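Protein chains in written order, with my numbering: chain A, 4 to 139; chain B, 52 to 321. Positions of the beta carbon are idealized from the N, C-alpha and C atoms, including for glycine. Fair warning: this is a prediction, and the values are worked out from it, not measured in the lab. Remarks on the structure that follows.
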């Protein structure tokens, strides 16, 4: 399952969605807002999504991971709106019987999300200027 | 009044990836031959402006670009260098939708007291320099170092006419825009109402998150070209993806009445 939310992400709640008694591994990736990008001091980030297509494309990525790896469950949630340094922007949680497939699937899901899902990020720097990442 | 006629074969066509003059139109006629036939039907002498001495098999006399001039203004300088009297009708070779009626309209409305007679662009309203009658006074005003043909034309205070057929000067600089003009040739020109949603850098550039507007485009590429003319959007087609009605599509996808389009800037989730 893939979702876009506008409120803070509760990682524990995401993890609970993939847990089951046969899963010996749960791999979780948290993407967090860091205070620097390409040498510039970042004050905060603003994420924007085209929700309908983001959720359908994100859902495809989850389905592809479930088909490609022997995993039990995979969930991804991305937050939009204004995020401060340290906030969680995205969580990917994957469960499987053994750790290998869960690690691999988690990596693929976040990489594909970054490449394909219509979500945009505007950085605001310490001097107050801003720019849309990858748009210059 | 029979003008001298100059067809501007243009430069490298880097964005198209091939010589626009020799592209075959729907039906198989090469674009340059189509334009030459239109030009000959007006009765005056017809020349070809080109960077190199290559008539593309047309048999037309080639006027090479003079030193110190570039682009469409080099064509005007080459016309002046012939020393021929009378006005010059200058035609861009990428006018795939140009027709005899549009040319007849231009000639019928010529005002010889004005330095030039031109058409307004159907979207931004500025005078178009490459389907234009330049009087001798216009050619005399040309000086080396001028670069922008539109700015030069505007400096002449031309008579600017509304197009009798609005899409007649739609041109093509990319393969996507070529597909668009081919659709207009084969299917005709009809207006459709579409919804555009803007996100991220395009939302900021447009100052709106969405709008409904009328378009003559058949393809997403043609629609985006119209939007760029209206709003000076900051991204090129090769930086964008397209969604129509919530699904990813190609630049060639059809524009239908009532469709919703999103031009997707480079994504940066995670």
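Of the residues the options, the one placed nearest residue i, counting alpha carbons only
i, options, result
"residue 318 of chain B", "B:76, B:80 and B:293", "B:293"
"residue 387 of chain B", "B:321, B:86, B:57 and B:250", "Not covered by the structure: residue 387 of chain B. The range shown for chain B is 52 to 321."
"residue 55 of chain B", "B:138, B:110 and B:210", "B:138"
"residue 253 of chain B", "B:241, B:273, B:290 and B:237", "B:290"
"residue 86 of chain B", "B:126, B:160, B:171 and B:182", "B:182"
"residue 114 of chain B", "B:58, B:71 and B:236", "B:58"
"residue 174 of chain B", "B:276, B:271, B:101 and B:112", "B:276"
"residue 67 of chain A", "A:5, A:133 and A:131", "A:5"
"residue 111 of chain A", "A:77, A:28 and A:53", "A:77"
"residue 288 of chain B", "B:79, B:314 and B:144", "B:314"
"residue 159 of chain B", "B:93, B:117 and B:82", "B:93"
"residue 135 of chain B", "B:218, B:119 and B:95", "B:95"
"residue 162 of chain B", "B:106, B:281 and B:186", "B:186"
"residue 242 of chain B", "B:255, B:274, B:224 and B:233", "B:274"
"residue 30 of chain A", "A:44, A:15 and A:37", "A:15"
"residue 86 of chain A", "A:37, A:20 and A:24", "A:37"
"residue 103 of chain B", "B:91, B:117 and B:298", "B:117"
Proximity below 7 Å, CB of residue i to CB of residue j
i, j, result
"residue 221 of chain B", "residue 148 of chain B", "yes"
"residue 49 of chain A", "residue 125 of chain A", "yes"
"residue 82 of chain A", "residue 18 of chain A", "no"
"residue 193 of chain B", "residue 128 of chain B", "yes"
"residue 136 of chain A", "residue 57 of chain A", "no"
"residue 118 of chain A", "residue 46 of chain A", "no"
"residue 9 of chain A", "residue 84 of chain A", "yes"
"residue 100 of chain B", "residue 126 of chain B", "yes"
"residue 189 of chain B", "residue 166 of chain B", "yes"
"residue 140 of chain A", "residue 139 of chain A", "With chain A covering 4 to 139 only, the question about residue 140 of chain A has no answer from this structure."
"residue 52 of chain A", "residue 113 of chain A", "no"
"residue 219 of chain B", "residue 232 of chain B", "no"
"residue 91 of chain A", "residue 22 of chain A", "no"
"residue 108 of chain A", "residue 65 of chain A", "no"
"residue 244 of chain B", "residue 284 of chain B", "no"
Within chain B, the residues that residue i reaches when beta carbons sit closer than 9 Å
i, result
"residue 56 of chain A", "294, 297, 298, 299, 313 and 315"
"residue 34 of chain A", "320 and 321"
"residue 51 of chain A", "250, 251 and 254"
"residue 124 of chain A", "251, 318, 319, 320 and 321"
Contact belief for residue i with residue j at Cβ below 8 Å, rounded distance in angstroms
i, j, result
"residue 105 of chain A", "residue 97 of chain A", "5 Å"
"residue 267 of chain B", "residue 240 of chain B", "5 Å"
"residue 200 of chain B", "residue 169 of chain B", "Actually they are not in contact, since the Cβ atoms of residue 200 of chain B and residue 169 of chain B sit about 11 Å apart, beyond 8 Å."
"residue 247 of chain B", "residue 264 of chain B", "7 Å"
"residue 26 of chain A", "residue 102 of chain A", "That pair is no contact at about 10 Å."
"residue 60 of chain B", "residue 107 of chain B", "7 Å"
"residue 145 of chain B", "residue 216 of chain B", "Not quite, the Cβ-Cβ distance comes to about 17 Å (not below 8 Å), so this is no contact."
"residue 230 of chain B", "residue 272 of chain B", "6 Å"
"residue 84 of chain B", "residue 109 of chain B", "7 Å"
"residue 178 of chain B", "residue 209 of chain B", "5 Å"
"residue 120 of chain B", "residue 195 of chain B", "6 Å"
Interface residues of chain A facing residue i [CB-CB closer than 7 Å]
i, result
"residue 252 of chain B", "135 and 138"
Chain B residues whose Cβ lies nearer than 7 Å to that of residue i
i, result
"residue 113 of chain A", "321"
Contact list for residue i against chain A, beta-carbon separation under 9 Å
i, result
"residue 291 of chain B", "What residue 291 of chain B touches in chain A: nothing, since even the nearest Cβ is about 10 Å away."
Proximal chain A residues relative to residue i, where beta-carbon distance stays under 8 Å
i, result
"residue 286 of chain B", "138"
Interface partners of residue i on chain B, CB under 8 Å
i, result
"residue 11 of chain A", "Per Cβ cutoff of 8 Å: no residues; residue 11 of chain A is ~17 Å from chain B at best."
"residue 117 of chain A", "318, 319, 320 and 321"
"residue 120 of chain A", "318 and 320"
Near-chain B residues of the stretch 75-95 of chain A (beta-carbon distance less than 8 Å), N- to C-terminal order: Residues 81, 92 and 93.
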